[in-house]
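Asks:
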Amino acid sequence: MQLIKLSATDSTNAYLKRLQRRETLPDFTVVQAALQTAGKGQRGARWEGEAGKNLTFSVLKKFDALPARTHFALNIEVSLAVLRVLQSMGIPDLSIKWPNDILSGHHKICGILIENQLKGDAISQSIIGIGLNVNQLEFGDLPRASSLKKITGRDYALDELLAALLPTLARQLPRAAEAPFEAVLPDYYAHLFKKDKPATFSRPGGEPFPAIIRGVEPDGKLRLEVERGQYETFAFKELQLHY
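Counting along the sequence shown from 1, when you hit position 93 you're at 93 in UniProt numbering, and nothing is skipped either side.
What follows is the structure, given as structure tokens:
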């Protein structure tokens, strides 16, 4: 493993991609930054963070044969790895909000952004960006955002958190290519926010509607029961889950 620590960069994902264009990097190269000036999350949302208060890093993972059609297995393994480390720390009421945000209660504490590179019909490598809110207490106009310190009242050492997360990720990530997709679902479903419970959703620009999460497809689409016995699937940008 190669660990690169930066005081600041635009985003650790972007830095890792630029570095890879200049040189050949070993599998599981990690870039950590004390500050991201242009970090991004899902839906292109900007990731806000105070310098030195949060854990922001990206991991380069290379694969021999991860079928693109089951790429969501990677999202599952990454989110479960983060969740298990937080569970071991006693962070309460953890869940995964589809596709891979980590919640404590109804508050988001971690975001994950995975960017895949294809070779034919398989994923040859992924850059996995993780932003974990750790010691930051103020989040401006993001009322659903929280942090480990805000939840527990404790300060956390970022280096210790990273040292716990990296080996867990190293163990989990190969399973995305090695295990059948159906084999990784039970753990994900056990922690999936609002699974099998009534919830409210909306399409872009549409009116809210009630439905029940019944599962996810190998390509990451969410399967909803929109009426009794009637099901629809939605890609991430086609649907918003309301808290």
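Note that the Cβ used here is the ideal one computed from N, Cα and C, for glycine as well.
Owing to the predicted nature of the structure, the values given are computational and were not obtained by experimental measurement.
In chain order, what are the residue ranges of uninterrupted beta strand (DSSP E) at least 3 long that sit wholly in the segment 134-186?
Replies: Counting whole runs of 3 or more residues, the segment 134-186 contains no beta strand (DSSP E) stretch at all.
Asks: Using 8 Å for Cβ pairs, my map puts I109 next to L148. What's the rounded Cβ distance?
Replies: With 8 Å as the limit, I109 and L148 qualify as a contact, their Cβ atoms being about 7 Å apart.
Asks: Would you kindly work out how many angstroms separate the C-alpha atoms of R203 and A211, rounded to a whole number?
Replies: Roughly 12 Å separates the two Cα atoms.
Asks: Run the CB neighbour count on E191, radius 10 Å, all protein chains shown included, and call it buried at 16 or more, exposed below.
Replies: Strictly speaking, residue 191 in this sequence is His, with Glu absent from that position. H191 is buried by the Cβ-count criterion.
Asks: Suppose the cutoff is 6 Å on Cβ atoms and the five residues either side in sequence are ignored; what does the same chain contact list for A51 look like?
Replies: If we look at A51 and ignore the five residues flanking it on each side, its Cβ neighbours are A34 and L35.
Asks: How long is the line joining the alpha carbons of F236 and V226, rounded to whole angstroms?
Replies: The straight-line gap from Cα to Cα measures roughly 16 Å.
Asks: Going by C-alpha to C-alpha distance, which of D141, I96 and K53 sits closest to L135?
Replies: The amino acid at residue 135 is misidentified as Leu; the sequence shows Asn. That would be K53, whose Cα lies nearest to the Cα of N135.
Asks: Using the rule of at least 16 other Cβ atoms within 10 Å of the residue's Cβ for burial, across every protein chain shown, is Y188 buried or exposed?
Replies: It is buried - the Cβ of Y188 has at least 16 other Cβ atoms within 10 Å.
Asks: If I measure Cβ to Cβ from K221 and keep anything under 7 Å in the same chain, skipping five residues before and after, which residues do I get?
Replies: Closer than 7 Å at Cβ, skipping near neighbours: T233, F234 and A235.
Asks: Any idea if D159 is buried or exposed, counting beta-carbon neighbours within 10 angstroms, 16 or more meaning buried?
Replies: So D159 counts as exposed.
Asks: Looking only at C-alpha atoms, which of V216, T200 and T168 sits nearest to P186?
Replies: Nearest of V216, T200 and T168 to P186, Cα basis: V216.
Asks: Thinking S58 and T24 are a contact (beta carbons under 8 Å), I'd like their distance in whole angstroms, please.
Replies: About 17 Å separates the two Cβ atoms, so there is no contact after all.
Asks: By the three-class DSSP mapping on this structure, what secondary structure does N116 have?
Replies: Three-state result, N116: strand.
Asks: Suppose contacts are defined by Cβ-Cβ distances below 8 Å. Is I151 in contact with I91 by that definition?
Replies: Yes. Within cutoff.
Asks: Please say whether T29 and D10 have beta carbons closer to each other than 8 Å?
Replies: No. Outside cutoff.
Asks: For E77, name the three-state secondary structure that DSSP assigns.
Replies: Residue state, collapsed to three classes: helix.
Asks: Do the CB positions of L60 and I127 come within less than 8 Å of each other?
Replies: A contact, by the Cβ cut-off of 8 Å.
Asks: Could you pull the start and end residues of the beta strand (DSSP E) that Y231 belongs to?
Replies: Q230 to F234 is the span of the beta strand (DSSP E), which, as asked, contains Y231.
Asks: Excluding the 5 residues preceding and the 5 following N100 in the sequence, name in chain order all residues of the same chain whose CB lies nearer than 7 Å to its CB.
Replies: Excluding residues within five positions, the ones whose Cβ falls inside 7 Å are N75, V78, S79 and I112.
Asks: Throw me the rounded Cβ distance for the G55 and L161 pair, which I believe falls under 8 Å.
Replies: It is worth fixing the name first, because residue 55 is Leu in this sequence and not Gly. Right, the Cβ-Cβ distance comes to about 5 Å (below 8 Å), so this counts as a contact.
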